[in-house]
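What follows is a set of notes on a single structure, which appears directly below.
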């Protein structure tokens, strides 16, 4: 049975507190003291994309912009660089959310890869304009890994919405 | 007459409008930050927001470090102890020579009526993490404005100069390494006293001695130390060693690559040196002839 013929499950509404918690956890992941590890996925970008695709009414460009600012300050990068890229990422994800959710998880990951690459290319362009040097193609390795993580991350992030609403003690399963 | 549909599905401004607004805001911030450095106060506020997150993010690493230190075997400690004792004996010998030289130097200086250089105050700091930004070479250390750190102070480790404090937050400060592309360090060749400026080489972890004529007297393995003429770095601290010299007749300058002496990427403990306070004030540039005291512009109108 292909993905399109599977029954689609009706999910519980997402809680705003849970969304905020996942974003904070993603920020924590990004601020861990990684020392010169190449190919680190940008978890904040991934989680932002996820919530923009799944909850475009609750998550949007403004929040993405602000989270980007926090990333800039924590990273001591150019102030506004992540904000710029994340705002664009959120816009693209919100405008494509109806399309993306029709695909199977791996095909969704292909869409997400393009979005993440675009936002990272924007960041690169900003830094090159501001007088930086090209850090090499390894700069994009993290994005590939982030896109590969999409099916896992989206499964994990959807778990709380998959709980049964009322627990039935007599139910066999 | 126009009839507006009732706002059943009011969603605020269209996404494109929002995107435009936030992109404009971000571009404004970037221009303010990169060109004019006006966004520092905003950065301070947001950094304060990110500070608890950073501390929490550092906790697992610190716990791991503590556990690893706990399980260090006695054998390795013993070995290290013996090595250190041997090293101390060697160092003691050299120290005696250094002390003799220092007293002699002080005497000579007094003879020359040279101004005695005061020992600088220094603060021990620990590198918390390296900035994730792949475009720059910066580290964050755990001392900030509350511990008296000021922007512009030099940062060294036990081998030489590491970099300079560029931003100070209340509890943290940001050190730009000498290998950063935007960082310049005034140096002097030990062998012949030639002054030069060393530029950071970006992500390669090397340094470049730029704008040296092709016939400049620089050889491979020359040691570069700080010249101290800028008043930021104390003179005589090792900075780098010349590793390669390319002389191309097509260019008027030689391409000289150096390797930093200090462990810019390895060490955790660093020393932040305070700035020298008794510097002579820089000469005031005035249009009036030399000898006249510079007058404030306002008083001129009353005369």
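Chains as they are written, first to last, in the working numbering: chain A, 4 to 176; chain B, 284 to 586. Even for Gly, the Cβ is constructed at its ideal location relative to N, Cα and C.
Within this structure, are the beta carbons of residue 552 (chain B) and residue 409 (chain B) separated by less than 8 Å?
With respect to the 8 Å criterion, residue 552 (chain B) and residue 409 (chain B) are classified as neighbours on the basis of their beta carbons.
Assumed close pair residue 79 (chain A), residue 457 (chain B) - CB separation to whole angstroms, cut-off 8 Å
That pair is a contact at about 5 Å.
Does residue 427 (chain B) come out as helix, strand or coil in the three-state DSSP assignment?
In the structure shown, residue 427 (chain B) sits in coil (DSSP, three-state: anything other than H, G, I, E or B).
Contact residues within the segment 453-468 of chain B, judged by C-beta distance below 9 Å to chain A:
Result list: 457, 464 and 465.
Taking a Cβ distance cut-off of 8 Å, strictly less, list which residues of the segment 408-421 of chain B are near chain A, in chain order.
Within the segment 408-421 of chain B, the qualifying residues are 411, 412, 413, 414, 415, 416, 417, 418, 419 and 421.
Since residue 42 (chain A) meets chain B, which of its residues come closer than 8 Å, beta carbon to beta carbon?
Chain B residues near residue 42 (chain A): none, gap ~11 Å exceeds 8 Å.
Min CB distance residue 316 (chain B) to chain A below 8 Å
Cβ-Cβ to chain A under 8 Å: yes for residue 316 (chain B).
Would you kindly report the start and end of the unbroken beta strand (DSSP E) that includes residue 419 (chain B)?
Note, residue 419 (chain B): premise wrong, no beta strand (DSSP E); not H, not E.
According to DSSP, residue 541 (chain B) sits in a beta bridge with which residue or residues?
Note: residue 541 (chain B) sits in a beta bridge opposite B:490 and B:525.
Output the boundary residues of the beta strand (DSSP E) element that contains residue 338 (chain B).
Membership of residue 338 (chain B) in any beta strand (DSSP E) is not indicated; the residue belongs instead to the alpha helix (DSSP H) covering 323-353.
Within 8 Å, strictly: CB atoms of residue 442 (chain B) and residue 566 (chain B):
Between residue 442 (chain B) and residue 566 (chain B), the C-beta spacing is not below 8 Å.
Three-pair Cβ contact test at 8 Å for the segment 136-149 of chain A versus the segment 113-122 of chain A:
At 8 Å Cβ cutoff, the stretches touch.
Just the Cα atoms here: how many angstroms apart are residue 423 (chain B) and residue 99 (chain A)?
If you draw a straight line from the Cα of residue 423 (chain B) to the Cα of residue 99 (chain A), it is about 38 Å long.
Inter-stretch contact at 8 Å, needing at least 3 Cβ pairs: the segment 298-317 of chain B / the segment 63-80 of chain A:
Taking 8 Å as the limit for Cβ pairs, the verdict is that the segment 63-80 of chain A does touch the segment 298-317 of chain B.
I'd like the span of the alpha helix (DSSP H) that includes residue 311 (chain B), first residue to last.
Secondary structure note for residue 311 (chain B): its alpha helix (DSSP H) is the uninterrupted segment 298-314.
DSSP beta-bridge partners for residue 412 (chain B)?
According to DSSP, residue pairing for residue 412 (chain B) in a beta bridge involves B:423.
Run down chain A in chain order and give the residues with a C-beta less than 8 Å from the C-beta of residue 313 (chain B).
In chain order: 81, 82, 83, 84, 87, 129 and 133.
What in chain B is Cβ-close to residue 97 (chain A), meaning under 8 Å?
Those within 8 Å of residue 97 (chain A) in chain B are 298.
Could you list which residues in chain A have their beta carbon closer than 8 Å to that of residue 310 (chain B), in chain order?
By Cβ distance, chain A contributes 83 and 87.
Judging by CA-CA distance, which residue of B:470, B:481 and B:496 is the nearest neighbour of residue 512 (chain B)?
Ranking B:470, B:481 and B:496 by Cα distance to residue 512 (chain B) puts B:470 first.
Within this structure, are the beta carbons of residue 309 (chain B) and residue 90 (chain A) separated by less than 8 Å?
The criterion of a C-beta distance shorter than 8 Å is satisfied by residue 309 (chain B) and residue 90 (chain A).
Determine, for residue 341 (chain B), whether the minimum Cβ-Cβ distance to residues of chain A falls below 8 Å.
Contacts with chain A at 8 Å (Cβ-Cβ) include residue 341 (chain B).
Under 8 Å Cβ to Cβ from residue 397 (chain B), same chain only, skipping five residues before and after it: list those, please.
Note that residue 397 (chain B) scores 48 on pLDDT, short of 50, meaning its location in the model is unreliable; the coordinates nonetheless yield the value given after this. Hits under 8 Å: none found.
Who does residue 439 (chain B) pair with in a DSSP beta bridge?
B:444 and B:554, per the DSSP bridge assignment.
Quick one: what does DSSP say residue 401 (chain B) is sitting in, helix, strand or coil?
Low local confidence applies: a pLDDT of 49 at residue 401 (chain B) is under 50, so the model's placement there is unreliable, with the coordinate-based value given in what follows. Correct three-state label for residue 401 (chain B): coil.
Do residue 461 (chain B) and residue 445 (chain B) come within 8 Å of each other at the CB atom, strictly closer than that value?
Yes, these two residues count as a Cβ contact at 8 Å.
Taking just the CA atoms, how far does residue 388 (chain B) sit from residue 544 (chain B)?
C-alpha separation (whole angstroms): 25 Å.
Shorter than 8 Å from the beta carbon of residue 144 (chain A) to some beta carbon of chain B?
Not an interface residue.
Just to confirm, are residue 108 (chain A) and residue 54 (chain A) a CB contact at a threshold of 8 Å?
No. Outside cutoff.
Residue closest to residue 498 (chain B), alpha-carbon to alpha-carbon, out of B:531, B:488, B:484 and B:482:
It is B:531 whose Cα lies nearest to the Cα of residue 498 (chain B).
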